[in-house]
Structure formats: structure tokens, C-alpha cells
Amino acid sequence: MFASLLIKAFKSPEIQTYAMRYQLKIEVSLKPGHSDPEGETTARLLKELGYKVETVNVSKVYSIVLEAQSRKEAEMKAEEMCKKLLANPTKDNYSFVIEEEK
Amino acid sequence: MKREDIKVCVLRVGGTNCDAETKRSLEELSVQAEIVHVNELAKRRSLMEYNALVFPGGFSYGDYVRAGAIWAKWILAKLGKELKAFVEENRPILGICNGFQVLVEAGLLPGFEEISSYPEAALATNFPPGYNCRWVYIKHENNGKCIFTRKIPKEKVLRMPVAHSEGRFMFAKEKEKQCLERLYENDQLVFRYCDKNGEYGDGRFPANPNGSFHDIVGICNLEGTIFGLMPHPERSFYWWQQPDWTRQERMPQYGDGKLIFESLINYLEKKS
Chain A
1 MFASLLIKAF KSPEIQTYAM RYQLKIEVSL KPGHSDPEGE TTARLLKELG YKVETVNVSK
61 VYSIVLEAQS RKEAEMKAEE MCKKLLANPT KDNYSFVIEE EK
Chain B
103 MKREDIKVCV LRVGGTNCDA ETKRSLEELS VQAEIVHVNE LAKRRSLMEY NALVFPGGFS
163 YGDYVRAGAI WAKWILAKLG KELKAFVEEN RPILGICNGF QVLVEAGLLP GFEEISSYPE
223 AALATNFPPG YNCRWVYIKH ENNGKCIFTR KIPKEKVLRM PVAHSEGRFM FAKEKEKQCL
283 ERLYENDQLV FRYCDKNGEY GDGRFPANPN GSFHDIVGIC NLEGTIFGLM PHPERSFYWW
343 QQPDWTRQER MPQYGDGKLI FESLINYLEK KS
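So the sequence lines, in the order shown, correspond to chains A and B.
Mind the numbering: the first sequence is residues 1 to 102 in the working numbering, read in order.
Mind the numbering: the second sequence is residues 103 to 374 in the working numbering, read in order.
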């Protein structure tokens, strides 16, 4: 009886989900070769303003705070989030940086 | 099925528009149309109550992340099973403008291998950049697979308005040619942008308003029962919705958009 209670306690979510907080910075950018109208328009104006700008590429950065058991799990989740929602593989590349939150 | 018994669901969520116009267009053709909020559908109702489904235009969830992406993933998460059953029974789904973006993001279009778990195409930001609202000409390219255009003769030029900032249809660069071939092989290409005389836009503004690859306006799935397009048929349902209607020689009652809804209803009437 006591043993089974002990096992239950160990399996209970409060004990299992002792989690760390991680800061993710996920950057979603256009794949090379895809036209980037926003970047091109910005580049044109920067040139008008006198800067010797060659190219401008616009990307999106998502700053996310995430709970996970380990860095590895956080990486897995980040990858999943990109594939599921944040990037469209037809036109987007993604990359991310993960830091433990202090 | 009798026309009066046909029930069409026009979905709504924060940021959709023209749902009222879509409902009115359907009702003008004597079918039942209902505007249903997706939360209502997820909590109390079932997709299977309806014979057809319309994702209207608009800017669902503020077009955040990518136009249509959030709504598409929301639907898949909450109503995925029902939606799959709906598709498997070949019940028609129409995606207009933002609705087309949703269907692409949900992997329902082009659907080369049934429903895809990731988008196989994209509707990228317009080129020239920015939001564009104008009347365009589109040419019918389908050979009869798409059930939404069966009343339209091949190569007929229609006039409809577009209103979007992310409508540049594209495939992954490395698969562009191959994907286009598949569209033709499977008869999935439905409309291409052209000018008044039917000359293709060739990627150039204004005939092609967004720089879309191969002047693609809209495509259907393998079965021809799911169809998405950027222009708004419900905003060209009546002749008087055209900006210059009083200056035109002919003055019929209806505009070109009616043909899309009519084709859908004809299909449903014939379906057992």
C-alpha cells in the first residue's frame, strides 16, 4: 500500500513537471532567391537617403519564454513550433537561439 | 438534393469580412446559408450538418504570423477530425481571399497527396508591395474537374475584384516547374490573371495584381471539391457591384461571381 502510494506520488504531474524556463529567439526569414518586396522597398528608400545599401532582407523574430524539462526538449519544441506554425517551408527558413532564463 | 434543402456554412472569426455578402449570394440562389462563428462550431455544432463550407475573405487574426496561418492551424487543432471527414465525403469547400490563404496553410490546397501536414504552397506578400484593391480580369483554365466552375466555359474571361496584400501564389523555388506540371496534369489550375482581352498578365502589374507565379489566381484539389481563389465572387455577384456599371452598354442583373456559386449549387443538387 505504502509502496503504491509512493509510486503514485512520483508519477504525479507536480513532481514530474519540474521545469526550467527557457528564452527562445526564433527568426523566420525568406529563403534565398525568394523576392522580398518589403526589403526591396526599404532598400530603395535607404539608397535615396544616401546610404550605400546593397540589399535589405526583412525577417521576423519571435521572442518566446517556454517551460521545458531540459535544453534538448526546448530545442525540440522550438523546432516543432517553427514547423507547425511560424514558418511556411515553401518560402521560409528558420533558426533559433535558446538561453536558460535566470 | 432539393435546392431548398441545401445548407451552406459560412465561417466567421475575428477579422473575416464579406461573410454577409457570401450569405446573401447563396440565399439569392435559394439555398440556406448560415454564418457560424468557429467557436460555436467547435462547442455546440457540427460541420457535418452542412453540405458545403465557405471560408470567407478578410484578415483573420490580424494576418499575424502569415495571412491565414493562425486560423488554419486553429481549425486543424480543434476541428481537424471533422474537417477530414468533411473532405473525405467530398463535401465542397470554397476559400475566398483569406479563405484561400487558410486552405493553403492548412495543407488542403493544392493537396497533391491528399491533405498535407505542412503547406505545399504559399501566398506571399504582393509584388508590387502593399495592399491592393482593384478589379481584375481572370481567365478560366479548368477542364471540368473543379465543381465550382463547371458553368463557366473554358477560356472565358471574368471580372472580379481583388483586395489583399498577401496574394502572390508560389511554390518552393526548387519544385516550381514540377508542381506546375502536376497542376496541369491533375487539372487543378482554375483561373489565371489576364487583361480585358484575355492576354495573360505574365507576372506584370496591373493585369497580375500581386506578382503571382504563372499568373495563378486560384486552384482546386485533386477531387475538384476544394477550391480557393484570391478575387471575391461575392463582391461581383450583382452587376451593379461593378464600379462602372452605369457606363456599360449591357445591364444584366448579375455579375460574373454568380457563376461560381451557381456551379456549386448545381453540383450539390445533382449529388445524392
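All C-beta atoms, glycine included, are put in the ideal place defined by N, C-alpha and C.
Nearest to residue i by alpha carbon, out of the options?
i: Ile217/B; options: Val189/B, Asn234/B, Gly164/B and Thr124/B; result: Val189/B
i: Tyr340/B; options: Asn119/B, Met103/B, Glu130/B and Lys104/B; result: Glu130/B
i: Leu113/B; options: Ile318/B, Leu185/B, Phe315/B and Arg306/B; result: Leu185/B
i: Arg126/B; options: Asp289/B, Pro311/B, Glu336/B and Phe273/B; result: Glu336/B
i: Cys248/B; options: Gly305/B, Leu291/B, Gly170/B and Leu282/B; result: Leu291/B
i: Met20/A; options: Ala74/A, Glu38/A and Val53/A; result: Ala74/A
i: Asn228/B; options: Met332/B, Trp176/B and Gly359/B; result: Met332/B
i: Lys84/A; options: Lys175/B, Arg261/B and Lys183/B; result: Lys175/B
i: Val319/B; options: Lys372/B, Lys253/B, Leu370/B and Leu211/B; result: Leu211/B
i: Asn88/A; options: Glu99/A, His34/A and Gly39/A; result: His34/A
i: Lys253/B; options: Phe161/B, Val138/B, Leu361/B and Val133/B; result: Leu361/B
i: His334/B; options: Phe157/B, Ala171/B, Arg105/B and Lys109/B; result: Phe157/B
i: Lys104/B; options: Val133/B, Glu123/B and Ala122/B; result: Val133/B
i: Ile172/B; options: Leu143/B, Glu142/B and Pro221/B; result: Pro221/B
i: Leu205/B; options: Pro345/B, Ile367/B and Gly330/B; result: Gly330/B
i: Arg451/B; options: Gly209/B, Ala169/B, Arg261/B and Cys111/B; result: For residue 451/B there is no data in the structure shown, the boundaries of chain B being 103 and 374.
i: Ser314/B; options: Leu282/B, Gly182/B and Val167/B; result: Leu282/B
i: Pro230/B; options: Lys25/A, Thr42/A and Leu24/A; result: Thr42/A
i: Arg306/B; options: Val238/B, Ala169/B and Gly201/B; result: Val238/B
i: Leu155/B; options: Ala169/B, Gly164/B, Ile177/B and Ala224/B; result: Ile177/B
i: Arg71/A; options: Leu86/A, Glu99/A, Glu38/A and Lys25/A; result: Glu99/A
i: Phe250/B; options: Ala135/B, Ile321/B, Arg284/B and Phe273/B; result: Ile321/B
i: Lys275/B; options: Gln23/A, Asn93/A and Tyr22/A; result: Asn93/A
i: Asp165/B; options: Lys373/B, Lys279/B and Ser267/B; result: Ser267/B
i: Val259/B; options: Ile137/B, Glu371/B and Gly359/B; result: Gly359/B
i: Trp347/B; options: Tyr302/B, Tyr163/B, Ile240/B and Arg261/B; result: Arg261/B
i: Ala135/B; options: Ile367/B, Pro308/B and Pro345/B; result: Ile367/B
So, is residue i buried or exposed, given that buried needs 16 or more other C-beta atoms within 10 angstroms?
i: Val140/B; result: buried
i: Ser338/B; result: buried
i: Asn245/B; result: exposed
i: Lys91/A; result: buried
i: Met76/A; result: exposed
i: Cys235/B; result: exposed
i: Ser365/B; result: buried
i: Ala380/B; result: No statement about residue 380/B is possible, as the shown extent of chain B runs from 103 to 374 and does not include it.
i: Gly159/B; result: buried
i: Thr104/A; result: The structure shown does not extend to residue 104/A, since chain A is modelled only from 1 to 102, so the question has no answer here.
i: Tyr286/B; result: exposed
i: Glu243/B; result: buried
i: Trp342/B; result: exposed
i: Asp107/B; result: exposed
i: Pro263/B; result: buried
i: Tyr51/A; result: exposed
i: Thr327/B; result: buried
i: Pro255/B; result: exposed
i: Val97/A; result: exposed
i: Thr118/B; result: buried
i: Glu123/B; result: buried
i: Val65/A; result: exposed
i: Tyr97/B; result: Lying before the first or after the last residue shown, residue 97/B is absent from chain B, which here runs from 103 to 374.
i: Arg294/B; result: buried
i: Ala265/B; result: buried
i: Lys47/A; result: exposed
So what does residue i bridge to, in DSSP terms?
i: Trp237/B; result: Pro263/B
i: Gly380/B; result: No answer is possible for residue 380/B: it lies beyond the span of chain B, which begins at 103 and ends at 374.
i: Phe157/B; result: Gly197/B
i: Asn119/B; result: Gly159/B
i: Cys111/B; result: Glu136/B and Leu155/B
i: Met272/B; result: Ala224/B
i: Gln23/A; result: Val65/A and Glu99/A
i: Asn93/A; result: Ser29/A
i: His242/B; result: Phe293/B
For the ligand MN, I want to know if residue i counts as a neighbour, meaning its beta carbon is within less than 6 Å of at least one of the ligand's heavy atoms.
i: Glu38/A; result: Questions concerning the ligand MN fall outside what the structure shown contains, since it holds no ligand whatsoever.
Near-chain B residues of the segment 66-99 of chain A (beta-carbon distance less than 7 Å), N- to C-terminal order: Lys83, Lys84, Leu85, Leu86, Asn88, Pro89, Thr90 and Lys91
Residues within the segment 144-174 of chain B neighbouring chain A, beta-carbon criterion of under 7 Å: Val167, Arg168 and Ala171
Three CB pairs or more closer than 8 Å across the segment 352-365 of chain B and the segment 291-303 of chain B: no
Interfacial residues, the segment 261-275 of chain B to chain A, with Cβ spacing under 7 Å: Met272, Phe273, Ala274 and Lys275
Contact residues within the segment 207-224 of chain B, judged by C-beta distance below 8 Å to chain A: Glu207, Tyr220, Pro221, Glu222, Ala223 and Ala224
Residues from the segment 182-208 of chain B in contact with chain A, defined by Cβ distance under 9 Å: Val206 and Glu207
Validate contact between the segment 25-33 of chain A and the segment 57-73 of chain A using beta carbons, cut 8 Å, 3 pairs: yes
Given 8 Å, three or more beta-carbon pairs between the segment 142-152 of chain B and the segment 194-206 of chain B: no
Contact list for the segment 312-326 of chain B against chain A, Cβ threshold 7 Å: none
Interfacial residues, the segment 243-256 of chain B to chain A, with Cβ spacing under 8 Å: none
Chain-ordered residues of the segment 34-56 of chain A with a beta carbon less than 7 Å from chain B: His34, Ser35, Pro37, Glu38 and Thr41
Interface positions of the segment 226-244 of chain B facing chain A (Cβ-Cβ less than 9 Å), listed along the chain: Ala226, Thr227, Asn228, Phe229, Pro230, Pro231 and Gly232
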